[in-house]
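In my numbering, the protein residues as written are 31 to 1069.
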């Protein structure tokens, strides 16, 4: 607990109290600040002084050296006094002049309590210290002294903290160890965070408290009766405090007479405890407030009277109206104004289609008015949708553990984002800056680690409608420093992205809350200012207005990163659940998903979010936990990718981030809830729909895995592109920087390794099953890219019909809609075509030679089936054999044909011989002698079974007729008669002269006319058949 928080509960004891010191910077508005004449304070040298009679303030200056910044995280400032003296430490002269200091850097000292302030070395300095006493004149004399004190400081090195101190405040002194004390103090914290930090009046009361606190604490400390009295009054107010903490400025709680009396009692105690000078300031603060007339009033009314909220704030409400794109906004504005609304305006100067409608507080109450007005507007034909303005909150919770484990986790290997190696890769590089918008509670740009990283001149405050986006909560600064705190400057922490510039857009107030209108404004403004990444560490209910703003930013190319939520539910919160956002869950130091991290469908990845140390506006490095802390890890990495390659689209950035994650999913075998999940379909009526099957590699709890910033950046550094891996492939191929080592793993098993040559690689692996997850790791120097590749199912190979050397088409069947490609033997595509709806294809190709090898495959985008090998069949028969003449004396048939053809001879369809031609095509068939005149058909059959046309051979007659039979011839005969071969030409010769010829008839009978021959003359009778064969002569002697 801090001792710097009990202001307004003791001043106006309604509920405005403080418990811890990590609250917004306080400026005592309206308080005149004289010029600062500061004495230099040296380290470890005590300054001793006291106050003159009318003197109230002493100033000191401390200038940190480079050695101090190197060795220490804080200066510990100690103040010791006998009388009540306050101390304030300021980060700069400007802040000292404006009296702007964080509550934890205010303290007080009195006889029993020294003040000790640990002031962080988070600003460049010099720092200013104000020592102040309110004992003046007679009061100083009555106290027995003149405010003597001693002041000193020393350098200390402190770990990150939760921001609290061990000193006790006035309220804690009264509630400690009491039954309701814890609840009362918690409600006071909530009230502090939501009310006293919202406007100037609350901050004035805060300043007044720090002046009064030492006097009040001293009175309580030394008086047990007073402590009991304070507790009794606080206990009386516990219900009021509880309602105010829950409902804030909208509280309708009515103050009772007993509660009024308790408030009056506490106010008197505080008033009596402080010196006259502070009593006058308390009178001024309570001016116009009648503590006697609070009973019967509501909390909201009393808040309005104090000036802590605007009088109409509790009743204020707005609607957001989306006008259809093709409709006139002015027409809608005119109609809406007629419904009695307070005002109608456009949400953004960039679009007139989104309107903000302020509603009046009608007599019957705001809620009824809002509901009826919303229904009226919703019915307008020009309106697309209407929704009330809703509240969103920063997504974080405080905790404490060691330093920046998310950058380097010494306990869990691969349990960080790979920052060490990443930093080595970035050394010496001059990448262009990338603007990252932190749409949050604002960002404190005065801190040394952020002063050069934040473009404060472009910042915007949509809470106060100003250009000052300074952080009054701490959440936004914590987020921004995770992204971009300057590294290696010896201040505070190291941010992830040295090339990021932070655009601060304040949409959440000092309590960490903001409404639909503010957030939509902020998102669209960030996009208009050119932010390439928008970080949304906030969440709430779904809003069509915010969805429109997200779409607007997305169309401008912004990468939108959002926290998944801190409820531990199986539901990603909004806007992380939007399709336009990268949803980020949280991991802890054990490299498992944090218990508080929301999960489920739509979660993209997880990143370190538990116990993350980062800067707060008060300069301290403090631990915070939440998906709010996880999201900036991803935003920083996204910005780094865009600095490396400004041409990347938002989708490409998301793909790089999600495909390079580390798998941290595990099966919870001992989870008792598993017994209820064994058979979700055993009751079919309760489970009518099948459970949605998750994509390979995706886990409902951790999304695609844990952020690996090194791997994502190394993709570009090593120029990596891994081609898809299909279930029919035996190689993983792709591109990578020459000399890189490529390793493919299935789980822990290495499937293959290769080196990249000439910018390309090919790793031989066994064929993998569909949906198997492979990790392809490419390394070179400090760069290491690990890409998750899911083995995809290749299309079924096509069924292809026989292709011959006569065909000019390839035809067959494959899955409808696919493309079929035809490649030659060199795997070059020579033709392609689409499969029709019936699953058939017919692709025209050039006529191919017999024996040519072709390959056919089915292609679905980048997926290609196993190739079907085709050998062009020989469908052209050989030419008819060339055959030599065959006679009835031949016992062989010879000739030429196609080489190696099978030669067949047939007579009347009956094969009489067969043989194979030699390499030159020559052949010889052995046959039996055939009858003259017989027809022999000779054919050739090639290897493909093609049969040539037949060559017909007529068996020639090479056998002479037998010698004719001749009848007796006398000297008186003038004819020679006889018998020979039918049709034969008969020749009769005598004395070497032909003396007569004739032709034998069908029966072979012949008669040859001759002249009478002398007796004893030899006649030579021969027969010549049709083939010209001449028989031997028959010698007949004339009788």
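Ideal Cβ positions, reconstructed from N, Cα and C, are used throughout, including at glycine.
Note that this is a predicted model, so its numbers are computed, not measured.
- By the neighbour-count criterion, in which 16 or more other beta carbons inside 10 Å mark a residue as buried, residue 1052 falls on the buried side.
- Note on geometry: alpha-carbon atoms of residue 810 and residue 277 lie some 58 Å from one another.
- Residues 184 of the same chain have their beta carbon placed closer than 6 Å to that of residue 74, with the five preceding and five following residues left out of the count.
- With a cutoff of 8 Å on beta-carbon distance, residue 1061 and residue 987 are scored as not near each other.
- Between residue 843 and residue 830, the alpha-carbon positions lie close to 7 Å from each other.
- Residues of the same chain with a CB within less than 6 Å of the CB of residue 808, apart from the 5 flanking positions on each side, are 748, 750, 766, 770, 772, 815 in chain order.
- With respect to the C-alpha of residue 114, the residue from 145, 90, 133, 97 having the closest C-alpha is 145.
- Annotation for residue 505: no beta strand (DSSP E) segment contains it, though the alpha helix (DSSP H) segment containing it runs 505-514.
- The beta strand (DSSP E) runs of length 3 or more contained entirely in the segment 912-980 are, from start to end of the chain, 922-926, 932-937, 940-946, 952-956, 965-971.
- Here residue 510 has 468, 473, 532 as same chain residues with Cβ atoms under 6 Å from its own Cβ, once five neighbours each way along the sequence are excluded.
- Counting only the Cα atoms, residue 1003 lies some 39 Å from residue 961.
- In this structure, residue 872 sits away from residue 862, with a CB-CB distance that is not shorter than 8 Å.
- With 16 or more other Cβ atoms from the protein chains shown falling within 10 Å of its own Cβ, residue 889 counts as buried.
- Around residue 839, the same chain offers 872, 874 as residues with beta carbons nearer than 6 Å, after the five sequence neighbours per side are excluded.
- Under a 10 Å Cβ-count criterion, residue 489 is classified as buried, with 16 or more other Cβ atoms of the shown protein chains found around its own Cβ.
- Here residue 892 carries a coil assignment [DSSP, helix/strand/coil].
- Boundaries around residue 88 are those of the beta strand (DSSP E), 87-92, since no alpha helix (DSSP H) includes it.
- In the structure shown, the three-state DSSP call for residue 985 is coil.
- With contacts defined as CB atoms closer than 8 Å, residue 1010 and residue 990 fail to qualify as a contacting pair.
- For residue 662, the uninterrupted alpha helix (DSSP H) run begins and ends at 657-674, by DSSP.
- Ranked by Cα distance from residue 970, the first of 486, 684, 932, 995 is 932.
- Judged by DSSP in its simplified three-state form, residue 324 adopts coil rather than helix or strand.
- For the pair of segments examined, the segment 612-620 was found to touch the segment 581-599: the number of CB pairs separated by less than 8 Å reaches three.
- With the rule of 3 Cβ pairs closer than 8 Å, the segment 686-699 counts as touching the segment 734-745.
- Cβ-Cβ separation between residue 349 and residue 260: approximately 45 Å, too far for a contact (criterion under 8 Å).
- When DSSP states are grouped into helix, strand and coil, residue 1016 belongs to the strand group.
- CA-to-CA, the gap between residue 265 and residue 688 works out to about 53 Å.
- Taking a contact as a CB-CB distance under 8 Å, the pair residue 147 and residue 138 does not count as one, their CB atoms being some 11 Å apart.
- Note on geometry: alpha-carbon atoms of residue 309 and residue 552 lie some 43 Å from one another.
- Annotation: the continuous alpha helix (DSSP H) that includes residue 127 extends over 123-127.
- Contact between the segment 880-896 and the segment 947-956 is absent: fewer than 3 CB-CB pairs across the two stretches fall below 8 Å.
- Remark: three or more beta-carbon pairs, one from each stretch, lie closer than 8 Å, so the segment 797-804 and the segment 815-825 are flagged as touching.
- Residue environment analysis places residue 454 among the exposed positions, since fewer than 16 neighbouring C-beta atoms fall within 10 angstroms of its C-beta.
- Looking from the CA of residue 84, the closest CA among 635, 68, 162 belongs to 162.
- Less than 8 Å divides the Cβ of residue 655 from the Cβ of residue 641.
- Secondary structure at residue 517: coil, using DSSP grouped into helix, strand and coil.
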